[in-house]
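**Q** Here my numbering runs 135 ahead of the position in the sequence shown, where the first position is 1.
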Amino acid sequence: MSATPLFYPKQTNNGLYCQLHAAGHPTAEILRVQHAYRLCSKLFNGRFRKTERAFICHAVGAGSSMAHFDRRIDLIIASMLHAAYDSGQFPDGRIGLSDAHRHWLKAQVGETTERLVRDYLELPFGPGKPEQHAQTGYPEEQREVMLMALTHEVDDMADAGLALAPKYGASIVARAEACAYLARQLGQEALAQTLEGHAQTYTDMAWTAELEAEQLEGFRIAPNMLTYIRLQRDSWRGKAVQVF
């Protein structure tokens with residue numbers, strides 16, 4: 136194992152912008168990421184993950200993780216928006232993949248990024264799937280979304296999330312080993328070592344047992360009707376309220 140300090144993804148928009156600037160990304164690219172962050176703030180408004188972490192933090196974390204291992208801006212933005220089609224609420228109030236949602240997202244982030252977000256849905260990566268991919272392989276055209284899935288895994292693992300909401304149970308060791316193997320297949324040795332490093336932290340997670348989330352599903356917090364009416368009124372009056 137390398138002695139390099141273990142990478143932890145940024146969790147705020149400003150932290151991500153600073154990370155990108157320090158890595159030499161031009162302002163034009165950081166502005167694209169800022170626009171993507173604002174989209175995420177609207178699409179995932181009020182949404183929380185199983186761990187009770189705000190989804191917007193996860194969106195930033197996924198983008199930060201990708202940015203650490205790959206400079207391609209379309210991959211960074213697609214990582215931020217990876218859950219747009221299965222968790223994002225679009226301007227029409229609906230959730231899910233549709234032609235209208237595809238056209239809307241493409242207009243916002245461009246065809247290449249939208250395609251990556253859509254293709255990400257087609258890569259199975261739930262319980263047991265990394266192990267299966269490591270055994271049987273996967274289509275060559277899925278290499279980019281495989282990288283998205285593996286860098287996403289870093290953000291999932293980095294904050295004890297897989298202990299607080301143990302969606303993989305005892306398979307975490309086998310899963311991490313498979314993910315590291317897949318990263319090496321992509322020529323991503325640093326990513327493989329990062330996955331292995333975070334996996335090692337799960338050998339001392341007994342202390343999280345009492346913190347484990349009671350509700351092992353993602354959830355949303357939304358204003359009640361009276362609050363919603365007040366927010367609409369404030370929006371009409373020009374106050375600092377945005378209605379998506």
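Glycine residues also receive a C-beta, built at the ideal position from the N, C-alpha and C atoms.
Just so it is clear, the structure is predicted and the values come from calculations on it, not from any experiment.
With a 10 Å radius around its C-beta and 16 neighbouring C-beta atoms as the bar for buried, classify Y172 as buried or exposed.
**A** So Y172 counts as buried.
**Q** On the DSSP letters alone, give me the boundaries of the alpha helix (DSSP H) that H170 sits inside.
**A** 162-178 is the span of the alpha helix (DSSP H), which, as asked, contains H170.
**Q** Quick one: grab the DSSP three-state call for F260.
**A** F260 falls in the coil class under three-state DSSP.
**Q** With DSSP as the reference, label M136 as helix, strand or coil.
**A** Reliability of the predicted coordinates at M136 is poor, the pLDDT of 49 falling under 50, and no value is obtained from them.
**Q** What span of residues does the alpha helix (DSSP H) with S233 cover, start to end?
**A** From DSSP, S233 is part of no alpha helix (DSSP H); its letter is neither H nor E.
**Q** Where does the unbroken alpha helix (DSSP H) through S338 begin, and where does it stop?
**A** Per the sequence presented here, residue 338 reads as Thr, with Ser not at that position. No alpha helix (DSSP H) contains T338, which DSSP labels as neither H nor E.
**Q** Assuming the contact rule is C-beta atoms closer than 8 Å, L285 and A318 should be a hit. Round their C-beta distance to whole Å, please.
**A** Right, their Cβ atoms sit about 5 Å apart.
**Q** Tell me, to the nearest whole angstrom, how far the beta carbon of L251 is from that of E279; I am working on the premise that it is less than 8 Å.
**A** Confirmed, Cβ separation roughly 6 Å.
**Q** Count the other CB atoms, across all protein chains shown, that sit within 10 Å of the CB of L174; report buried if there are 16 or more and exposed otherwise.
**A** Buried, since its Cβ has 16 or more Cβ neighbours within 10 Å.
**Q** If you count every other CB in all the chains shown that lies within 10 Å of the CB of A315, and 16 or more means buried, which is it?
**A** The residue is buried, with at least 16 neighbouring Cβ atoms inside 10 Å.
**Q** Apply the 10 Å Cβ neighbour rule to F354 and answer buried if 16 or more other Cβ atoms are within range, or exposed otherwise.
**A** When all chains shown are included, F354 counts as exposed.
**Q** Are A334 and M283 close, meaning C-beta to C-beta below 8 Å?
**A** No. Outside cutoff.
**Q** Can you round the beta-carbon distance between T248 and D209 to whole angstroms, since I take them to be within the 8 Å contact cut?
**A** Contact holds; Cβ gap of about 5 Å.
**Q** According to DSSP, is A327 helix, strand or coil?
**A** Residue state, collapsed to three classes: helix.
**Q** So for A189, helix, strand or coil by DSSP?
**A** In the structure shown, A189 sits in a strand (DSSP, three-state: E or B).
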